[in-house]
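Just so you know, the sequence shown maps onto residues -6 to 392 in my numbering.
No residue lacks a Cβ here, since even glycine has one placed at the ideal position from N, Cα and C.
The structure under discussion appears below in the form of structure tokens.
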Amino acid sequence: MVRPGRSGCISRVPIPASPTWRSSTTVTDSPASDPNRAAAILTIDLAALAANYRLLATTAAPARCAAVVKADAYGLGIDVAAPALEAAGARDFFVAQLEEGIALRALLPEARIAILNGLAPGCEADYAVHRLLPVLNHPGEIEAWHGFARKTGERQHAFLHIDTGMNRLGLGAGELDRLAAHPDLLAGIDIDLVMSHFACADEAANPMTAAQAATFQAARGRLPKAPASIANSSGIFRGAAYALDLVRPGCALYGVNPTPEAANPMRPVVRLEARILQLRDVDSPMTVGYGATFRVARPTKIATIAMGYADGYLRSLSGRGEVWVAGTRAPLVGRVSMDLVTIDVTDVAEADAQPGALVEVIGPHRDVDAIARDAGTIGYEVLTALGQRYARRTVGAAA
Ligand SMILES: *Cc1c(COP(=O)(O)O)cnc(C)c1O
């Protein structure tokens, strides 16, 4: 058992306090809670999350299926998502940062957890104490982990990342040459997985995916024999040959379409509803909102709803987004404010557009990918932007 050294990160890097919404999770989860009070409600469907995991695992079988839960499980909340994924069968988890790994270890004592961003300098002991696997991305990290193994007198486990075209993280071609020529650089290190990462797997016809896979296989042949992984969510759907020994889906677990050229095979996991605060009748030549960007052309009923860019409802949706009120489309008008959005409810039945009514922001009429298109971004950003002010609740059994 290794203890954190005096220079170790446990003293240097404080574990961040839980986000404030967590303290209210039990309240919103409880049947006694009053959803009528919440300005906006974010619902996470754990049954859909589990079903998505099982679909990915089945598609990738016989490869193992990990779960990528970085960035608070893509904004859904790692404390609800990770245990549900483990209950659905996941045993291997990836996060980006050491602090995320430490928090995840507290949630999942048994899981295998790897840190994609690698070995944080000077923090070797923290990985050992919390049983976190660094993904060794460059020669300096290999050297540090090798040194730590020598210092502790214990073999240390790690994943090894080979860059095959992202030019972001992982060993480049020259670094791989050097490692292949000097296997002693890995003395004391057990490489439990060799991995790489696709740049274009979301584009079915892009030849870069096959080229990267070929580069990766050549690299594997020059390294100590180890299980291999290259496929993210989209990679799983690009052919069984890419599944190798382990797949690493993230976005598809959370309902983002991993096959943008085809219908979404995943179930929606996130639902977001926000409440109407106020209604008003406006007519030409009035304008709505900051910058007076929306000029009313006809007698119009405007509803103001309790959600804005401070909640991750992207400001680029100004004048472009839409929400649904009792099954009727209501376009955004004017700019998205920090805490408020204005919508045109002229075509909505009066009984449905009332103060206090919940409108559908993310749901059956408007999924995460559709909102991303409206906003000029990707579903990943819509999810990871989801705000901390929403009342969060979960539905669905975890297993
Ligand atoms: C984020 C990430 C994944 C997951 O990617 P998705 O496209 O969300 O499935 C897998 N591997 C690595 C290295 C990543 O950074």
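Would you check whether ligand 1 has a heavy atom nearer than 7 Å to the C-beta of residue i?
{"i": "Gly399", "result": "Only positions -6 to 392 of the chain appear in the structure, and residue 399 is not among them; the question remains open."}
{"i": "Leu109", "result": "yes"}
{"i": "Val334", "result": "no"}
{"i": "Asn130", "result": "no"}
{"i": "Asn225", "result": "yes"}
{"i": "Val61", "result": "yes"}
{"i": "His190", "result": "yes"}
If you run the structure through DSSP and keep just helix, strand and coil, what is residue i?
{"i": "Gly380", "result": "coil"}
{"i": "His139", "result": "helix"}
{"i": "Ala60", "result": "strand"}
{"i": "Gln149", "result": "strand"}
{"i": "Ala319", "result": "coil"}
{"i": "Pro132", "result": "helix"}
{"i": "Leu101", "result": "coil"}
{"i": "Pro324", "result": "strand"}
{"i": "Asp72", "result": "helix"}
{"i": "Ala299", "result": "coil"}
{"i": "Leu306", "result": "One point to set straight first is that residue 306 is Tyr, not Leu, in the sequence displayed. It is coil, neither helix nor strand."}
{"i": "Leu333", "result": "coil"}
{"i": "Ile371", "result": "coil"}
{"i": "Leu42", "result": "helix"}
{"i": "Leu216", "result": "coil"}
{"i": "Arg47", "result": "helix"}
{"i": "Leu162", "result": "coil"}
{"i": "Gly228", "result": "helix"}
{"i": "Leu78", "result": "helix"}
{"i": "Ala96", "result": "helix"}
{"i": "Leu112", "result": "coil"}
{"i": "Asp177", "result": "helix"}
Could you give the residue range of the alpha helix (DSSP H) that holds residue i?
{"i": "Val122", "result": "117 to 122"}
{"i": "Thr339", "result": "Counting along the chain, Thr339 falls outside any alpha helix (DSSP H), and DSSP gives it neither H nor E."}
{"i": "Met201", "result": "201 to 213"}
{"i": "Ile400", "result": "Because the chain spans -6 through 392 in this model, residue 400 falls outside it and cannot be assessed."}
{"i": "Gly82", "result": "Note, Gly82: premise wrong, no alpha helix (DSSP H); not H, not E."}
{"i": "Ala174", "result": "166 to 174"}
{"i": "Ile364", "result": "361 to 368"}
What are the residues that DSSP puts in a beta bridge with residue i?
{"i": "Lys294", "result": "Asp274"}
{"i": "Thr387", "result": "Ile37"}
{"i": "Ser222", "result": "Met188"}
{"i": "Ala396", "result": "Any property of residue 396 remains undetermined from this structure, which presents the chain solely from -6 to 392."}
{"i": "His154", "result": "Met188"}
{"i": "Thr280", "result": "Arg288"}
{"i": "Val240", "result": "Cys58"}
Which stretch, first to last residue, makes up the beta strand (DSSP E) that contains residue i?
{"i": "Pro127", "result": "125 to 129"}
{"i": "Asp85", "result": "85 to 88"}
{"i": "Asp183", "result": "182 to 188"}
{"i": "Val249", "result": "Neither: Val249 is in no beta strand (DSSP E) and is coded neither H nor E."}
{"i": "Ala107", "result": "105 to 108"}
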